[in-house]
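Chains A and B, in that order, give the protein sequences. The first sequence maps to residues 6 to 573 in this note's numbering. The second sequence maps to residues 53 to 355 in this note's numbering. Backbone N, C-alpha and C fix where the C-beta goes; we use that ideal spot for every residue, glycine too.
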Amino acid sequence: MTEACPTPLRGPRRFGPWWIAALAVASMAALSWNLEALSGWNGFAAAWDRLRTYVGAFTAPDLSWPMLALCSTLTLETLSVAVLGVACGLMLGYPLALGACRCLVVGEEPAPRPVRWLQVGVLEACRFTLDVLRGVPDIAWAIVLANLTGVNAITGVLAIGISTAGIFGKVLSEQWDNVDPARYAAVRSSGATRSQTFFYAVQPLAARATLSFLLMRTECAVRNASVIGVVGGGGLGAQLWDEYTDGSWSRVATVLLALLAVTATTDLVSNLVRQRLRVDPNHPRRQGAIDRSRQGWRRVQVLGSVLALVAAAAWSLTPAMVAVAAELQRIDWEFAAPYTLGLFTPDLSPAALGSALRHAVVPVAIGLLATVAGAALAALLVYPASVAFQLEPHRFLGENPPTHTRILRGLALVATRGLALVWRGVPEVAWVIVLAVFFRMGVTPCVLAVALHSAGVLHRVFTETVDNLDYRRLERTGGTCRAQVFMYGALPRVWPDWRTYAFFQFEVNVRLGIALGVVGAGGLGHMFKMNLDWRQHGGAATYLWAMIVLTIAIDRLSRWLQLTRLRC
Amino acid sequence: MLRSTLFVAAALTALALPSCTESKAEAPKELRFTVIPDFNKAKLVENCATLSQLLQKKLGVPVTYVPSNDYTMAVNALIANKVDFAWLGGKTTVDALDAGKGEAMVLATRDIDLDFKTYFIANKKLVDEGKLKKVDKLADLKGLAKDFTFTFGDKNSTSGHLMPRFFLTEAGIDPNKSWKGECGYQASGGHGATLKAVASGATDIGALNFSYWEKASAEDKAAAPVIFVTPGYVDYAWVGHARVGKETLAKITEAFTKLDKNNADDKAILDAWSAKEKFQVADGKLWDSIRKVRDSLPPGFLQ
């Protein structure tokens with residue numbers, strides 16, 4: 006029977022905690038920490054003073070009418086950029102995902118050699134395109150594009166669209182390829198062609214996971230749209246950066262609060278929708294059976310509202326689109342052509358390559374440290390935030406705590422979840438700005454910012470995996486106390502998922518490390534911007550390609566470690 | 053139907069494009085300009101709106117301000133025909149002259165730009181305690197550098213970054229290594245950020261555009277007194293591109309150089325641009341010294 010299962014199911018490769026610890030120590034050594042702002046008592050007192058001014062400003066944000074009006078306009082612009090960016094990303098990413106999907110493009114039936122070469126060629130070309138789109142962080146795309154399209158919301162839409170296409174295309178094609186072939190064997194055996202099998206079996210089977218991921222991306226896009234303005238993409242980010250460079254803390258506070266309101270709302274809404282998309286029919290809190298007879302109508306409703314949303318976003322950005330069209334029409338291609346081409350012809354001298362390699366260490370080190378710290382912080386807070394262990398332990402432990410204990414547990418749950426919501430709701434660049442007040446700009450606030458942000462993101466998925474456990478599995482460990490059930494019953498079951506999520510976050514964090522380089526962390530992002538500023542387009546191209554190579558390397562590493570993608 | 057409409061549109065565009073290029077010699081229907089974002093953007097936008105109105109009156113064509121998000125974008129906008137003239141800093145002026153391949157030229161500059169300076173400022177507490185005092189040459193700070201933190205402006209800013217870096221290096225102080233800890237620089241524009249950092253005591257010493265300091269509030273100036281004034285150099289300029297036609301460029305130059313301090317409207321612009329008396333014509337060759345300073349710094353100088 007072993008031949009019937011061509012790809013034996015293996016767990017992920019093992020890599021011990023020692024490896025991670027050693028890498029973390031190496032990362033710490035590789036970064037130049039800027040802690041002189043805190044050196045000695047005076048430095049610390051001064052930093053504390055700065056923070057107090059800041060916190061003071063936070064308790065008294067600028068709530069004057071013009072500022073509020075400005076913030077609400079910018080909030081709408083940010084949301085429009087995000088929605089339109091995701092829509093563009095989907096339009097660009099979906100066809101590329103089809104091309105990068107092995108079960109659609111190559112399939113398993115035999116084919117003559119030239120055909121197979123063609124198939125594999127298409128597959129690899131699409132995958133590489135996705136790597137390029139995804140490897141360059143949206144901030145870098147925005148910097149490149151803004152020189153052509155100008156300081157404009159559309160620059161933000163394009164930058165977010167491109168990087169969303171890269172991420173979405175990759176994850177989508179992986180989700181399709183991860184569908185167990187046994188589940189659609191019946192369709193294939195009835196004589197369906199490869200594309201029929203794909204459209205009638207593979208895609209519907211992965212649909213829930215796809216939708217869930219799409220929602221998560223939309224949420225990320227809202228966060229990214231709110232900071233893309235820092236480099237010319239419009240929206241709240243531009244305002245935040247202006248107020249920060251100008252040192253108007255009370256206005257920074259207003260913008261940050263608006264930002265937080267937007268991201269937190271999106272976060273909560275997406276949570277609600279994602280709950281309805283749960284795949285597991287035995288989930289403890291699954292909402293009642295789906296009424297098949299009304300599904301068609303519901304689809305029309307959902308599709309209609311999504312289309313209406315995109316249309317509204319497009320309508321609100323029409324002036325910006327007209328402006329960009331005018332900009333592009335004016336542009337002198339004698340400048341634009343070498344500028345664009347220059348970014349694809351890297352300087353390949355050994356000195357440039359060596360420098361790119363050296364500077365690649367910074368984002369990797371930032372990514373690693375921030376992921377380790379963020380994952381640890383998130384893991385610590387899972388227990389108090391888990392619905393299963395705080396609100397419903399009676400369902401598998403049989404305990405019956407008094408009301409005040411229940412209330413306390415409920416409060417702990419709300420508090421930890423709220424904390425994580427703020428951590429992930431404030432975008433990384435905004436965290437850097439907040440932390441730079443205390444530490445001054447440099448590596449330290451950047452690492453902490455990425456760590457806090459990933460703690461927030463990971464806390465949600467970590468908690469979700471625990472709460473998604475079937476209570477029946479926890480019952481068997483009954484008879485012990487709650488904490489023990491969590492430690493020995495729940496943790497071992499969710500551990501592999503946590504590791505997958507953490508590695509995925511690592512990949513995201515390395516990209517963030519690159520993006521923050523532009524703002525002040527150094528490394529690849531910084532060198533890219535410096536070369537652009539010094540008009541060394543070949544040099545800038547070297548660093549741009551280094552970002553892409555880095556992303557591909559991490560991607561292949563995660564495949565080699567067999568850390569499969571999110572199962573949502 | 054749609055296809056034929058598109059075809060007609062494409063044909064019209066094709067017809068319209070060459071006629072656009074031909075009409076370049078004639079007076080343009082609209083002029084556009086940008087400025088480098090070197091301080092508070094809200095104020096910048098306000099100043100540029102006032103300038104647009106005034107120039108529109110003087111030149112008789114609509115004049116539009118196009119925002120740039122960073123210094124390089126302003127240079128690229130000029131080269132890429134997104135704007136016709138731009139207010140650039142010393143380094144960016146040289147960048148534009150080089151990238152313009154003879155087409156870009158200096159139109160006018162402020163009187164203060166021919167003898168521009170950078171101020172080194174220190175936190176008042178340190179000066180009061182006698183730990184730092186006014187010096188005549190930067191070399192006097194050499195022995196002290198390791199005990200103090202230092203910050204300056206955007207790496208593209210001539211007065212905020214390149215010149216202080218140049219003068220420090222000349223005096224034997226390595227801007228990256230000699231100071232206490234890593235040297236900080238404001239990631240964006242930010243002469244204001246430098247002033248605030250030093251005035252609040254977050255950083256001990258800073259270097260910034262002298263004209264920004266002179267215009268700052270008395271309170272900030274008192275909290276961050278000047279301890280060193282650099283020798284003069286050339287800095288900001290209005291740079292234009294020849295594609296709008298030499299005549300138009302001459303008209304723009306004239307509009308700037310004829311701004312009169314005694315006229316209220318003109319004075320508003322001269323004040324907003326911190327000119328002492330007037331804008332004046334200047335030879336692009338004057339910026340050769342800045343080119344030398346720029347070229348002495350490779351793109352990796354901050355690492």
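(message) Within 10 Å of its beta-carbon, does B/E74 have 16 or more other beta-carbons around it, so buried, or fewer, so exposed?
(response) Legend: pLDDT at B/E74 = 42, less than 50; position of this residue unreliable, value from coordinates given subsequently. By the neighbour-count rule (16 or more Cβ atoms within 10 Å), B/E74 is not buried but exposed.
(message) Considering Cα atoms alone, identify which of A/L101, A/A116, A/Q395 is closest to A/V127.
(response) Here the closest residue by C-alpha is A/L101.
(message) Distance check for A/F467 and A/N473, CA to CA, integer angstroms please.
(response) 10 angstroms
(request) Mind checking who B/I257 pairs with in its DSSP beta bridge? (result) B/A174, B/F202
(request) Identify every residue that forms a DSSP beta bridge with A/L36. (result) Answer is none; A/L36 lacks a bridge partner.
(request) State buried or exposed for A/G155, treating a residue as buried only when at least 16 other CB atoms are found within 10 Å of its CB. (result) Taking all protein chains in view, the Cβ of A/G155 is crowded by 16 or more other Cβ atoms within 10 Å, so the residue is classified as buried.
(request) Give me the Cα-Cα distance between A/V329 and B/S211, rounded to the nearest whole angstrom. (result) 33 angstroms
(request) With DSSP collapsed to three states, give me the class of B/Y288. (result) coil
(request) Check the Cβ-Cβ distances between A/P66 and every residue of chain B, and say whether any is below 8 angstroms. (result) no
(message) I want to see whether chain D comes within less than 8 angstroms of B/A151, judged by CB atoms only; does it?
(response) As a matter of chain content, chain D is missing from the structure shown, whose protein chains are A and B.
(request) Can you check DSSP and say which residues form a bridge with B/L140? (result) B/A289
(message) On the DSSP bridge list, what partners appear for A/T505?
(response) Answer is none; A/T505 lacks a bridge partner.
(request) Could you check which residue in B/D167, B/K310, B/V115, B/A126 has the C-alpha nearest to that of A/I148? (result) B/A126
(message) Counting only Cβ pairs nearer than 7 angstroms, list the residues of chain B close to A/I336.
(response) A132, N133, K134
(message) Measuring straight from C-alpha to C-alpha, what distance separates B/I279 and A/H542?
(response) 39 angstroms
(request) Pull up the distance between the alpha-carbon of A/R151 and that of A/L521, whole angstroms please. (result) Per the sequence shown, residue 151 of chain A should be read as Ala rather than Arg. Distance between the alpha carbons of A/A151 and A/L521: 18 angstroms.
(request) Could you confirm whether any beta carbon from chain B is found closer than 8 angstroms to the beta carbon of A/E129? (result) So no, A/E129 is outside the interface.
(message) Just to confirm my understanding: we take A/R188, look at its own chain, exclude 5 residues before and 5 after, and list those with CB closer than 8 angstroms. What are they?
(response) A206, L210
(message) Given this structure, state the Cα-to-Cα distance separating A/G252 from B/S252, to the nearest angstrom.
(response) 11 angstroms
(message) Can you look up B/L433 in the DSSP assignment and give me helix, strand or coil?
(response) This structure does not reach residue 433 of chain B, given that chain B is present from 53 up to 355, and the question cannot be answered.
(request) Please name the residue in B/K248, B/S120, B/I304 whose C-alpha comes closest to that of B/G258. (result) B/K248
(request) Decide if the region 235-245 of chain A is in contact with the region 66-84 of chain A; the criterion is three or more beta carbon pairs, one per stretch, under 8 angstroms apart. (result) A contact exists between the region 235-245 of chain A and the region 66-84 of chain A.
(message) Below 7 angstroms on C-beta distance, what does B/G242 contact in chain A?
(response) T250
(request) Identify, in the order they occur along the chain, each residue of the same chain with its Cβ nearer than 6 angstroms to the Cβ of A/G87, setting aside the five sequence neighbours on each side. (result) Here residue 87 of chain A is Ala; the residue named in the question, Gly, does not match the sequence. Hits under 6 angstroms: A226, V227, A230.
(message) At the 8 angstroms Cβ level, is B/S75 part of the contact set with chain A, yes or no?
(response) Confidence at B/S75 is low in this model, with a pLDDT of 43, below 50, so the placement of that residue is unreliable and no value is reported for it.
(request) Go to B/A197, then tell me how far its alpha helix (DSSP H) extends in each direction, as first and last residue. (result) That residue, B/A197, is in no alpha helix (DSSP H); it is neither H nor E in DSSP.
(message) Please tell me whether A/F394 and A/F511 are closer than 8 angstroms, where the distance is taken between their beta carbons.
(response) no
(request) Establish whether the CB of B/N99 and some CB of chain A are separated by less than 8 angstroms. (result) No - not a single Cβ of chain A is within 8 angstroms of the one on B/N99.
(message) Can you look up B/R346 in the DSSP assignment and give me helix, strand or coil?
(response) Three-state result, B/R346: helix.
(request) For the beta strand (DSSP E) holding B/M157, just list the boundary residues, first then last. (result) 156-162
(request) Have a look at A/A341 and B/R295 and give me their C-alpha separation to the nearest angstrom. (result) 16 angstroms
(request) List the residues of chain B whose Cβ lies closer than 7 angstroms to the Cβ of A/N152, in chain order. (result) Contact annotation for A/N152 against chain B: M125, N128 [CB-CB distance below 7 angstroms, chain order].
(message) Measuring alpha carbon to alpha carbon, tell me which residue in B/A307, B/E329, B/D165 is nearest B/N261.
(response) B/D165
(message) I'd like the list of long-range same chain contacts for B/T170, defined as Cβ closer than 6 angstroms, with 5 residues on each side in sequence excluded.
(response) S211, M215, P216, A259, T282
(request) Please compile the residues from chain A whose C-beta is within a distance smaller than 8 angstroms of the C-beta of B/D147. (result) Among the residues of chain A, those whose CB is under 8 angstroms from the CB of B/D147 are R540, following chain order.
(message) If we define contact as Cβ-Cβ less than 8 angstroms, is B/P119 a contact residue for chain A?
(response) yes
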